[in-house]
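So the protein sequences, as listed, match chains A and B.
Per this note's numbering: the first sequence = residues 568 to 1109.
Per this note's numbering: the second sequence = residues 540 to 806.
Think of the CB as a built atom: it goes at the ideal place given N, C-alpha and C, for glycine as much as any other residue.
Keep in mind the model is a prediction, meaning the values are calculated, not measured.
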Amino acid sequence: MGLLLSILIRIHLIAPQAKIPLLELLSHTGAPGGVMSPEYYLSLLTMHGTIMVFFVLTTAPQSGFGNYFLPIQIGAEDMAFPRLNMLSFWVTLAGLVVLLAAFFIPDGPPISGWTAYPPLSAVGGASGPGEAVGQNLWIISIAIFCLASMLGALNFIATTLDLRARGLSLGRLPLTCWAWFITAILALLSFAVLLAAGALLLLDRVGGTSFFVPGGLIVSDKIIHHSGGSPLLWQHLFWFFGHPEVYIAILPGMGVTSHILSTFSRKPIFGYKAMVGAMATIGCLGFVVWGHHMFVSGMSPYSAFAFSVLTMAIAVPSAIKTFNWLGTIVGGKLRFPTAMLFALGFVSLFVTGGLSGIFLGQPPVDIYFHDTYFVLAHFHMIMGVAAIFGIFGGTYFWFPKMFGRMLNETLGKIHFWVTFVGVYAIFMPMHFLGLEGHPRRYSELSGFEFLKPLMGVHTFISHAAFVTGAIQLVFIFNLFWSMFKGKKAAENPWEATTLEWTVPSPPPHDNFAGRHPVVLRGAYEFSVPGAAKDYVMQDSPK
Amino acid sequence: MVALALALVVAAITVVCVVLFWTHAWWFPPDISTHGPAIDHQFMLTLVVTGIIFVLAQVSLAYLVWRNRDRGEGRKAVYSHGNNRLEATWTIAAFVLFVGLTFMGYHIWAGIHFVGAAPGAMPVEVWGQQFAWYFRYPGPDGRFGPTHVEKVDDAMANYLGLDRDHDPDSKDDIVTSTLAIPVNREIQIFLRSKDVTHSFFVRELRIKQDLVPGMVIPIHFMATKTGRYEIACAELCGLGHYRMRAFLQVMTQEDFDKWLANMAAAQ
């Protein structure tokens, strides 16, 4: 859904008059005759961002893989609170239904982007299409999602702390578990703030309060009867959530990548403690850097500089992770199933996406790049595609355990190669659009002379997106085909070390069939001198 | 085979990226402000530092993938859990490099924001509304009159809600839809919004600053080259965001004086 919306966005950018019959079915007013209006472009953009950030990048790696594999990797039969878990799932689904309902109301989804800055998002229908009922649905959906995430986060924290098998000290936890654990702490603390901010915004809209709306505004010739609010307050609250959210999306990918790299390098992870320390540091610093989203917002320029120093400091643990991934490969004996390719792709994308952050973290440089395509390139590379490469890596790695069958490797490799080259073809040119000063969230290039020569770059990006989008169908086909027709998977097809590979594929309902595993060693004991094989399972006595 | 392919693809991507940046295939427009060269310099410094790291990291990844591939030989992987000395070295190096970069740009930010406009700077108000820009000059009295939201009347060209009949400071205020300024003179801008958040962006000036409802945000600059430049809105402000445009006209002082006199006569 999120991907499909991005394809529609890319079509509109290079052919604003293109007729897409499906769109007219969705909205007569937003796309009369199937031609997307500039405002409907913004609606789709808002929905793309919201679905991707909340319902994909937050949900899939944590709630999806985490719920399945955290208990097995720590030797537990289930999460600590199974009912809470189920509740979290259904509440998330309810949030998604409320969000998608915005497609089917007369004024359509909101146009204020996934960041929903007031007053645009706070003053009702006067500020634009979708800003009446659509924006209310958006806020309610996000509030529901926050609740679901907090329920899930509590469960992850309790499970990790209380249900570990005998012998599984924190120092022996797989890095995936560390990533899910730290992500859960971030989610618990940050979604609470977003929930509060959402409640205040809704009150401004329907309750007559003025948290975010100052006095003296006139919108579409209508005087707005609010006074005393501050639009910047929303930005502070939103980004207090929004920056940890970046790490909520990427930390599980880091955990999966570390896990896969070690497994297929047949080598212990390089610097286990440093890897855990780096994730914890990223988690802590993630709460004190939100102001770097606001360098040009009008907040105090003195605080901007303080936020800049902290932001640049967060590059340090990120650099440690990268060094240690490379260190893991050095001296390894690398195997290349598709899971490994996606993990290596993650490292490449993480480096590329991370380095563009060094520009944006410096206020004087950010002045020019803020809200341009350079920012789009940065965050899509790192919290978008790098995080999604983590999801793909995890899928190829754990599918055999989940379904008892192997994914088709040939289709997997086709999927990897096209996606890897494709995402670079899509997002690398966006840096150059940023260099040209191209603002983001422009539905057409026709409004400015300096944008018109950039149509060629947009055309290239759109075609790269069409190809990359299409190849995901191969992945989806592979998933369903392999679920029923794939080669039968053994208990431990990758010759990995952690506890999920000690149970049948797929695992029994209580994971260990009544057995209580005892952990005797760390998570990445590969190529141990003197061992019979090149891996030693965590519960193996020798 | 897979290792070699991956190494080559990563290397090829790296080369293409470097060539495109190196040749300035797409680049900034020429700078026309006194503070712009320092920003451009800080960008280039950052580009060189990150460019070297980018090439080293990607090439290392490509080489290591190829070098350490499983060739079906009898060797075992090295059994090692890391190296604390290496770990400490690159932690300290990364900290010094990245935090150092931001301190090197401190004086640029300080010059733009910590220091006020030079004495004698020419004041102009920049107003944003969905989806237009207005600019107000204070007139001979040097004072901006108050604005009244209930008096806003676009049909009567009273875009800002001035009460010229009763507010003496408003009488000589000049409201225009183009931002004209004299070259080589310090300009003091006050950014204000009538409705939602907008952002004042002139690429050639290397300036971007939000217009936040309820706030008056000052910025100052000096343009060094005459010409006509596009002013864009850089903060999502609604359905017409993509066409919220005005022009910055940088003129000689003589031309500017004539232009302002014509505008004053037309009020």
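Check: Residue interval of the alpha helix (DSSP H) (run including Arg784/B); Outcome: Per DSSP, Arg784/B belongs to no alpha helix (DSSP H); it is in the beta strand (DSSP E), Arg784 to Met790.
Check: For Asn535/B, the residue or residues it bridges with in DSSP; Outcome: It is not possible to answer for residue 535/B, since the shown part of chain B is limited to 540 through 806.
Check: Test: Tyr635/A CB closer than 8 angstroms to a CB of chain B; Outcome: no
Check: Pairwise C-alpha distance: Val918/A and Phe854/A; Outcome: 22 angstroms
Check: DSSP-derived helix/strand/coil call for Gly667/B; Outcome: strand
Check: His759/B, DSSP secondary structure in three states; Outcome: strand
Check: 8 angstroms CB neighbourhood of Trp892/A in its chain, flanking five on each side removed; Outcome: Thr824, Ser825, Leu828, Phe837 and Val914
Check: Opening and closing residue of the alpha helix (DSSP H) in which Asp933/A lies; Outcome: Pro930 to Phe936
Check: Which residues DSSP lists as bridging Tyr676/B, in chain order; Outcome: Ile713/B
Check: Euclidean distance between Cα positions of Met866/A and Asn722/A; Outcome: 37 angstroms
Check: N-terminal and C-terminal residue of the alpha helix (DSSP H) that Leu714/A is part of; Outcome: Val700 to Asp729
Check: Arg608/B - partner residues in DSSP beta bridges; Outcome: Leu901/A
Check: Interface partners of Glu769/B on chain A, CB under 7 angstroms; Outcome: Phe1015, Glu1016 and Phe1017
Check: Nearest residue (CA-CA) to Met783/B, options Gly667/B, Pro662/B and Pro707/B; Outcome: Gly667/B
Check: Cβ shell of Ser732/B (< 6 angstroms), same chain only, five flanking positions each side left out; Outcome: Gly667, Leu750 and Pro752
Check: Beta-bridge partners of Val1085/A, as assigned by DSSP; Outcome: Arg733/A
Check: Expected contact under 8 angstroms - CB spacing of Met846/A and Leu818/A to nearest Å; Outcome: 6 angstroms
Check: Cβ-based neighbour list, Phe683/B, same chain, cut-off 7 angstroms, excluding 5 preceding and 5 following; Outcome: Glu664, Arg675, Pro677, Asp708 and Asp712
Check: contact_flag[the region 948 to 964 of chain A, the region 889 to 906 of chain A] where n(CB pairs < 8 angstroms) is 3 or more; Outcome: yes
Check: Complete alpha helix (DSSP H) runs within the region 553 to 616 of chain B (minimum length 4 residues, chain order); Outcome: 575 to 606
Check: Nearest-angstrom Cα separation, counted from Phe622/A out to Leu787/B; Outcome: 43 angstroms
Check: Whole-angstrom C-beta distance between Lys900/A and Ser1010/A, which should lie under 8 angstroms; Outcome: 51 angstroms between Cβ atoms; not a contact.
Check: Short-range partners of chain A found in the region 562 to 577 of chain B, where Cβ spacing is below 8 angstroms; Outcome: Ala564, Trp565, Trp566, Phe567, Pro568 and Ala577
Check: CA nearest to the CA of Gly655/B, picked from Ala803/B, Lys690/B and His759/B; Outcome: His759/B
Check: Cβ of Pro819/A within 8 angstroms of any chain B Cβ; Outcome: no
Check: Given 8 angstroms, three or more beta-carbon pairs between the region 855 to 862 of chain A and the region 799 to 811 of chain A; Outcome: yes
Check: Cβ-based contacts, 7 angstroms cut-off: residues of the region 710 to 722 of chain B near chain A; Outcome: none
Check: 8 angstroms Cβ shell around Ile746/B - same chain, five flanking residues per side excluded; Outcome: Ser572, Phe739, Phe740, Ile758 and Phe760
Check: Which listed residue (Pro628/A, Val1085/A and Gln1105/A) has its alpha carbon closest to that of Tyr814/A; Outcome: Pro628/A
Check: C-beta contact flag for Thr765/B and Thr736/B at 8 angstroms; Outcome: no
Check: Interfacial residues, the region 599 to 615 of chain B to chain A, with Cβ spacing under 8 angstroms; Outcome: Ser599, Leu600, Leu603, Val604, Asn607, Arg608, Asp609, Arg614 and Lys615
Check: Beta-carbon neighbours of Leu545/B, restricted to chain C and to distances below 8 angstroms; Outcome: Absent here is chain C; the protein component of the structure consists of chains A and B.
Check: Run of the alpha helix (DSSP H) containing Ala759/A, from where it starts to where it stops; Outcome: Leu742 to Val773
Check: Spatial neighbours of Gly1034/A in its chain, beta-carbon cut-off 7 angstroms, leaving aside the 5 residues before and after; Outcome: The question names Gly, but residue 1034/A in the sequence shown is Val. Val985 and Gly989, listed in sequence order.
Check: Euclidean distance between Cα positions of Ala651/B and Ala773/B; Outcome: Here residue 651/B turns out to be Ile, not Ala, going by the sequence shown. When rounded, the distance between both Cα atoms is 19 angstroms.
Check: Reduced DSSP secondary structure (H/G/I, E/B, other) of Cys772/B; Outcome: strand
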